[in-house]
Amino acid sequence: MSLFYSSTQGFANVADYREAARRRLAKIAFDYLDGGAEDGHTLARNRAAFTDVHFAPRAMVDVSHVSPAAQLFGYASAAPMVVGPTGLNGMFWPKADETLARAAAARGVPFALSSASTSLLEDVRAAAPDGELWMQLYVQKDRRIAECIMRRASEAGYTTLLVTVDTPVHGRRDHDIHNNYRLPLPITPKLILDLLRHPHWALQMARQGTPQLVNLARSLGEAPDLQRQAAALARQMDLSLAWSDIAWLRKHWNGPLLVKGILTVDDARLAQQHGADGIVLSNHGGRQLEGAHAPLDVLPAVADAVGDALHVYLDSGVRRGADVVKAVALGARGVLLGRAPLYGLAARGDAGVAHVLSLLFDEIVTTMTLLGSPGIDTLPERISGARPGTAAATGKPNVTVIPKLVQS
Ligand SMILES: Cc1cc2nc3c(=O)[nH]c(=O)nc-3n(C[C@H](O)[C@H](O)[C@H](O)COP(=O)(O)O)c2cc1C
């Protein structure tokens, strides 16, 4: 018992892991992980949108067996959550992508690898041979790169493709400008001071060497040189990507295809018309378009419009199990986790990711139990007042979630 407490002591929630990550990482790395675009209003709204949703729990429902198990494209997931795609994870821990994939597999939830990963997708598969792996794609001007990544991912048994469409250019992230963040990190007096203040992280980075965008490099045929890889990634983004390109993706990908970065009913309908299997409502965790809607604010209208035809997922701002429950209650099949598992990774490596996932899982179960919802199919569909933007417009809580009574 004491061993258990010593390993997770002091970590009651994701916010505790965020604080530990802040202490351990150099400021330049933590800001990259944690920050949002420009003034951070969208980043803040992502959290506030969850706070504005309230539960109306039902009493006297048999909750002796509660399970958040969910079918995610035919995969029997332990919970309606996916460890989402994040690039440059090697900044936070060595072999970070393998660590995230292993932890997700152990928890029984999918892991989505970024095409800007710092481990080869084949190595991630080897680290999690039984894991449910999804592949995220940035489409670049030279379409052969995307085609190569899709072929490699398919051969390695990745089941589902996420095409990210909210990043034609990088959002303006003021903290990166203040920190003079670019790759590889330029050695300045400020950086040296930052490293001296975070010696554990600095030593770990020195031992592992600068993380490389190896996946991209392999598909580009580039030598491992981070500066060139990062420049190529930015320079080569295909700004002409359009809905008609879903047909091209379909030619190269047989499995489920999700479009990540949708925020309107109109685009959700277009995704459906062009044959996508699903969408991820996302503002990239508030890192791209400052002033964009929080995905949770638009979820009810989008789920109403396309929820029967498309798998609707959501990310941006999920930090608690109750957030997962709220998203599912309002019409999402599941959520993607962005920063939450990264805080665990940056704070404590394998143990930190595993603990973050188990904290979220336990919080989901507790919330469902208190809500009187033994399974996710019993989660609420009776919602009053949920209209896109209204919570944002009034600033008042306006969404009430009432779980369906369970049929015995
Ligand atoms: C450090 C970091 C790197 C990211 N890299 C990618 C990426 O390579 N591809 C992608 O589609 N999304 C990327 N995202 C966005 C996430 O997939 C997700 O949309 C977002 O983090 C969700 O918000 P949350 O962090 O508030 O949970 C990144 C997010 C973070 C925090």
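Taken in order, the sequence shown gives residues 307 to 714; the numbers are from this note's numbering.
Glycine is no exception: its CB is placed at the ideal position from the N, C-alpha and C atoms.
Pick from 449, 345 and 383: whose alpha carbon is nearest that of residue 417?
Position 111 of the sequence shown, counted from the first residue, corresponds to residue 417. Among 449, 345 and 383, the Cα nearest to that of residue 417 is on 383.
Could you check where the beta strand (DSSP E) with residue 640 kicks off and where it finishes?
As a first step, residue 640 must be located in the sequence shown, where it is residue number 334. Where residue 640 is concerned, the enclosing beta strand (DSSP E) stretches over 640-643.
My guess is that residue 563 and residue 555 are in contact by the Cβ rule of under 8 Å, so how many angstroms apart are they, rounded?
Locating residue 563 in the sequence shown gives position 257, where the first residue counts as 1. Locating residue 555 in the sequence shown gives position 249, where the first residue counts as 1. Residue 563 to residue 555, Cβ: 6 Å. Contact.
Using C-beta distances below 6 Å, list every residue in its chain close to residue 693, excluding the 5 sequence neighbours before and after it, in chain order.
Stepping through the sequence shown from its first residue, residue 693 is reached at position 387. The predicted position of residue 693 is uncertain, since its pLDDT is 42 and thus under 50; a value taken from the coordinates is nonetheless stated next. Nothing meets the Cβ criterion.
For residue 682, which of helix, strand or coil comes out of DSSP?
For the purposes of this step, residue 682 is taken as the residue at position 376 of the sequence shown. In the structure shown, residue 682 sits in a helix (DSSP, three-state: H, G or I).
Answer with buried or exposed for residue 366, where buried requires no fewer than 16 other C-beta atoms within 10 angstroms of its C-beta.
Within the sequence shown, numbered from 1, the residue matching residue 366 stands at position 60. So residue 366 ends up on the exposed side.
Mind checking which residues open and close the beta strand (DSSP E) that includes residue 615?
One-based indexing of the sequence shown puts residue 615 at position 309. Taken as a continuous stretch (DSSP letters only), residue 615 belongs to no beta strand (DSSP E), as it is neither H nor E.
Taking only three categories from DSSP, how would you classify residue 366?
Here residue 366 refers to the residue found at position 60 of the sequence shown. The answer is coil: DSSP assigns residue 366 none of H, G, I, E or B.
Sorry if obvious, but does the Cβ on residue 470 come closer than 7 Å to a heavy atom of ligand 1?
Within the sequence shown, the letter at position 164 stands for residue 470. Because some heavy atom of ligand 1 lies under 7 Å away, the Cβ of residue 470 counts as near it: yes.
Check whether the Cβ of residue 347 lies closer than 7 Å to any heavy atom of ligand 1, and answer yes or no.
Translated into the one-based positions of the sequence shown, residue 347 becomes position 41. Checking the Cβ of residue 347 against ligand 1 gives no.
Report buried or exposed for residue 360, applying the criterion of at least 16 other Cβ atoms within 10 angstroms of its Cβ.
Position 54 of the sequence shown holds residue 360. Residue 360 is exposed by the Cβ-count criterion.
Leaving out five residues on either side along the sequence, give the residues of the same chain with a beta carbon under 6 Å from the beta carbon of residue 423.
In the sequence shown, counting from the first residue as 1, residue 423 sits at position 117. Taken in chain order, the residues that qualify are 403 and 521.
Less than 8 Å between the CB atoms is what I'm expecting for residue 616 and residue 578, so what's the real figure, rounded?
Residue mapping note: residue 616 aligns to position 310 of the sequence shown, counting from 1. Residue mapping note: residue 578 aligns to position 272 of the sequence shown, counting from 1. Indeed they touch by this definition, with Cβ atoms about 5 Å apart.
As an exercise, report each continuous beta strand (DSSP E) stretch of at least 3 residues that is fully enclosed by the region 326-368, in chain order.
If we require 3 residues or more, the beta strand (DSSP E) runs fully inside the region 326-368 come out as 359-361.
Let's test the definition: count the other Cβ atoms within 10 Å of the Cβ of residue 461 and tell me whether it reaches 16, buried, or not, exposed.
Stepping through the sequence shown from its first residue, residue 461 is reached at position 155. Looking at its Cβ environment, which holds fewer than 16 other Cβ atoms inside 10 Å, residue 461 is exposed.
Excluding the five sequence neighbours on either side, which residues of its own chain have a C-beta within less than 8 Å of the C-beta of residue 363, listed in chain order?
Counted from its first residue, the sequence shown places residue 363 at position 57. Result list for residue 363: 676, 677, 678 and 709, in chain order.
Which residue from 602, 378, 436 and 637 puts its Cα closest to that of residue 624?
As a first step, residue 624 must be located in the sequence shown, where it is residue number 318. Ranking 602, 378, 436 and 637 by Cα distance to residue 624 puts 602 first.
Suppose contacts are defined by Cβ-Cβ distances below 8 Å. Is residue 398 in contact with residue 652 by that definition?
On the sequence shown, residue 398 is found 92 positions in, with the first residue counted as 1. On the sequence shown, residue 652 is found 346 positions in, with the first residue counted as 1. It is a contact, given that the beta carbons lie within the stated cut-off.
Mind checking whether the beta-carbon of residue 479 lies closer than 7 Å to any heavy atom of ligand 3?
Ligand 3 is not part of the structure shown, which contains ligand 1 as its ligands.
For a quick check, are the C-beta atoms of residue 332 and residue 506 less than 8 Å apart?
As a working mapping, residue 332 is identified with position 26 in the sequence shown. As a working mapping, residue 506 is identified with position 200 in the sequence shown. Going by C-beta atoms, residue 332 is not nearer than 8 Å to residue 506.
Flag residue 408 as yes when its Cβ comes closer than 7 Å to any non-hydrogen atom of ligand 1, and as no otherwise.
Mapped onto the sequence shown, residue 408 falls at position 102. For ligand 1, not one heavy atom lies less than 7 Å from the Cβ of residue 408.
Closest to residue 467 by C-alpha separation, out of 582, 488, 632 and 680, would be which residue?
Numbered from 1 along the sequence shown, position 161 holds the residue referred to as residue 467. Taking only the C-alpha atoms, the option nearest residue 467 is 582.
Consider the Cβ of residue 471: report whether some Cβ of chain C lies at a distance smaller than 8 Å.
The chain labelled as chain C is not found in the depicted structure, where only one protein chain is given.
What did DSSP end up calling residue 663 once you bin it into helix, strand or coil?
Taking the first residue of the sequence shown as 1, we reach residue 663 at position 357. Looking at residue 663 - three-state DSSP - the assignment turns out to be helix.
Write down the C-beta distance between residue 547 and residue 568 rounded to the nearest angstrom, noting that I regard them as a contact closer than 8 Å.
For the purposes of this step, residue 547 is taken as residue 241 along the sequence shown, with counting starting at 1. For the purposes of this step, residue 568 is taken as residue 262 along the sequence shown, with counting starting at 1. Between residue 568 and residue 547 the Cβ distance is about 14 Å, and since that is not below 8 Å, they are no contact.
If you reduce the DSSP assignment to three classes, tell me which class residue 460 lands in.
As a position in the sequence shown, residue 460 is number 154, starting the count at 1. The answer is helix: DSSP assigns residue 460 an H, G or I state.
Going by DSSP, what residue range makes up the alpha helix (DSSP H) through residue 469?
Taking the sequence shown and counting its residues from 1, the one referred to as residue 469 is at position 163. Segment 466-470 is the beta strand (DSSP E) holding residue 469; no alpha helix (DSSP H) there.
By Cβ distance below 7 Å, which residues in the same chain neighbour residue 323 in space, the five residues on each side in sequence not counted?
The count along the sequence shown starts at 1 and reaches residue 323 at position 17. Taken in chain order, the residues that qualify are 317, 649, 650, 653, 658 and 662.
Quick one: residues in its chain with C-beta nearer than 8 Å to the C-beta of residue 328, no 5 flanking neighbours on either side, listed in chain order?
By one-based count along the sequence shown, residue 328 stands at place 22. These residues qualify, in order along the chain: 336 and 340.
Please state the DSSP three-state secondary structure of residue 605.
For the purposes of this step, residue 605 is taken as residue 299 along the sequence shown, with counting starting at 1. In this structure, residue 605 counts as helix in the three-state DSSP scheme.
Please return the same chain residues whose Cβ sits closer than 8 Å to the Cβ of residue 473, not counting the five positions on each side in sequence.
Counting from 1 along the sequence shown, the entry for residue 473 is found at position 167. Same-chain partners within the cutoff: 444, 543, 567, 590 and 594.
By alpha-carbon positions, which one of 561, 338, 611 and 558 ends up nearest to residue 573?
As a position in the sequence shown, residue 573 is number 267, starting the count at 1. Closest by alpha carbon: 611.
For residue 437, is the beta carbon positioned less than 7 Å from some heavy atom of ligand 1?
By one-based count along the sequence shown, residue 437 stands at place 131. Answer for residue 437: no, Cβ out of range of ligand 1.
For residue 344, which residues in the same chain have their Cβ closer than 6 Å to its Cβ, ignoring the five residues on either side in sequence?
The sequence position of residue 344 within the sequence shown is 38, counting from 1. Within the same chain, residue 344 has close Cβ partners 478 and 596.
Tell me, please, which residues DSSP counts as bridged to residue 566.
Here residue 566 refers to the residue found at position 260 when the sequence shown is read from its first residue. Per DSSP, 470 and 586.
If you measure from the CB of residue 624, is any heavy atom of ligand 1 nearer than 7 Å?
Walking along the sequence shown from the start, residue 624 turns up at place 318. Flag set: Cβ of residue 624 near ligand 1.
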